[in-house]
Ligand code: GLC
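So, in structure tokens, the structure goes:
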């Protein structure tokens, strides 16, 4: 009897443990970034919309996505891909209505998908009511933005800008307002004036925005341009520090508390966009020195910023270990290989590496972020003409120099099928569809077993395994180009082996701390792999053709028996309780 009681308690504790891991829904989530403008158009105006996203929810669930991260769909002047917001709590008519967004929340949640929104606190559109009021110095709004008289000129005329700081999109980051006779600061385009986040009233207004969307059902927020939220208050020509100023961390701490206070039962997450901070600065976004929580997921762009086509396996190992070993205790890792600001991974790193890199993204510890279209290996559209160019960063350049600056290349419509405009729109697409869509589209990949998409789906399924979700990692460079790592949790282990190079490599993959079973089988293989799923591999002499990538599964029969027994017992307990 005592034995049975003990067993029941043990089983219940195990169940609770599993449950509490599940409650932290974000800790090993597969997050998928959707740029609404380019995902799916349902009205025929050539621009993606909220109903388009709703129509693809089943696709996302079927693909194994846990969370959708939506780039801005708020009222905007559309100068910067909707990142110039003129009303934070209205839906831009380009995308639909508030009712559509409510429907999206309801339907996504019913299907078990979490929804994260893009919160843009660094700047508004110059058409935002706050800016319009600030420019004419309306009571209460005077200091909502960063205004400066500039330096008096000896001769008559407009003052000189406060300093020579340059905006991200070219030209001075100060624009003269003839109306207010002062300069306003903008880190990005002149149509995106920076909010004055040192002003308490501004923070309060932004908190109202957060509350508004939390009430609608948001599960968290990407926080745009966080590194740039504050500027050197003295506006020194060469400031001590230009990004990630101390006030930024305090504000993130405040917003974290705001979210935690709002929702006691379920985490609402903060995902600050930290552009290219030194590792220590990046880590500071997780937690303060005295242990106060900050963001759960400061974006980690290191795989993008620090690796390129020429990187060797040792480079990958170094970058991954540098990040993982810097994480504060208990912090959750996250990984990006693409976003609306970067060239597509298939183009940046080479089309042949897409499978290996998707395997990497989905099997490293923590959260994976997938940019829409990367699941089918979409590539940059390098031939967008000057006339078709929409990205402000490119438009601010000229006909001869816009191309390398343009982010449009990675923002083209999702390639759904081979019909006209890739099934994205029945109208004229706002950006030209990548010409390769006829061969490379979701429908054609779905019609075969061996495709980037099939692999991706297999990976999202595999990631749900506790070993990938919570397991340890041991990384090795097995050859010049062969990166390998063992993921281990409890008695289960997987070995990921990726040849990043264009040459064959024969490697010894038997030297990990976790001893893999000699009869370990291949669980997943890249589309071009010569290895077969289910094949038993010889770990001490593993033959990898160029760009080969495989996941080897070591799941001892002993573990299997224990777990099956546990499952049976849990069912019995359930019946009796
Ligand atoms: C962020 C966004 C980028 C945008 C900029 C200004 O960096 O990712 O797309 O242009 O902020 O909002």
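Residue numbers (the numbering used here): 252 to 828.
A virtual CB, placed ideally from N, CA and C, is assigned to each residue, including glycine.
Quick one: what does DSSP say residue i is sitting in, helix, strand or coil?
i	result
residue 338	strand
residue 525	coil
residue 414	coil
residue 660	helix
residue 586	strand
residue 289	helix
residue 641	coil
residue 512	helix
residue 544	strand
residue 755	coil
residue 652	coil
residue 259	With a pLDDT of only 49 at residue 259, under 50, the local geometry of the prediction cannot be trusted, and no value is derived from it.
residue 301	helix
residue 273	A caution first: residue 273 carries a pLDDT of 36, below 50, which makes its placement in the model too unreliable to give a value.
residue 488	coil
residue 283	strand
residue 480	coil
residue 315	coil
residue 498	helix
residue 371	coil
residue 465	helix
residue 682	coil
residue 474	strand
residue 520	strand
residue 570	helix
residue 453	helix
residue 322	coil
residue 677	coil
residue 460	helix
Quick check: does the Cβ of residue i come within less than 7 Å of any heavy atom belonging to the ligand GLC?
i	result
residue 622	no
residue 528	no
residue 309	no
residue 476	yes
residue 439	yes
residue 325	no
residue 831	Because the chain spans 252 through 828 in this model, residue 831 falls outside it and cannot be assessed.
residue 382	no
residue 312	no
residue 332	yes
residue 524	yes
residue 443	yes
residue 371	yes
For residue i, which residues of its own chain have a beta-carbon under 8 Å away from its beta-carbon, when the five flanking residues on both sides are left out?
i	result
residue 358	305, 308
residue 504	539, 543, 544, 545
residue 759	729, 790, 791, 792, 793
residue 295	676, 677, 678
Report all residues from its chain with a CB closer than 6 Å to the CB of residue i; omit the five preceding and five following residues, and keep chain order.
i	result
residue 370	472, 474
residue 616	584, 724
residue 601	560
residue 510	519
residue 252	In this prediction, residue 252 scores a pLDDT of 49, lower than 50, which makes its location untrustworthy; the coordinate-derived value is nonetheless stated afterwards. Taken in chain order, the list of residues that qualify is empty.
residue 377	442, 444
residue 834	The displayed coordinates of the chain run from 252 to 828. Any statement about residue 834 would go beyond what the structure contains.
residue 335	327, 328, 376, 442, 443
residue 265	Here the model assigns residue 265 a pLDDT of 45, short of 50, so the residue's position is not dependable, and the following value carries that caveat. Closer than 6 Å at Cβ, skipping near neighbours: no residue.
Which residues in the same chain have their Cβ closer than 7 Å to the Cβ of residue i, if we skip the five residues on either side of it in sequence?
i	result
residue 708	314, 315
residue 785	772, 773
residue 675	291, 292, 664, 665, 667, 684
residue 605	596, 597, 628, 703
residue 558	566, 567, 570
residue 362	308, 312
Consider the Cβ of residue i: report whether some Cβ of chain C lies at a distance smaller than 8 Å.
i	result
residue 685	The structure shown contains no chain C; it is built from a single protein chain.
(Q) Quick check on the DSSP output: what are the complete beta strand (DSSP E) runs of length 3 or more inside the segment 760-814, in order along the chain? (A) 772-776, 793-795, 800-806
**Q.** 4-residue-minimum alpha helix (DSSP H) runs that sit fully inside the segment 339-367, ordered along the chain
**A.** 349-361
Q) Which runs of the beta strand (DSSP E) spanning at least 3 residues fall entirely within the segment 373-449, listed in chain order? A) 425-428, 433-436
Q) Could you give the uninterrupted runs of the alpha helix (DSSP H) lying entirely in the segment 575-622, keeping only those of 4 residues or more? A) 596-599, 605-614
Q | Entirely enclosed beta strand (DSSP E) segments - the segment 685-756, minimum 3 residues | A | 723-728, 733-740, 743-750
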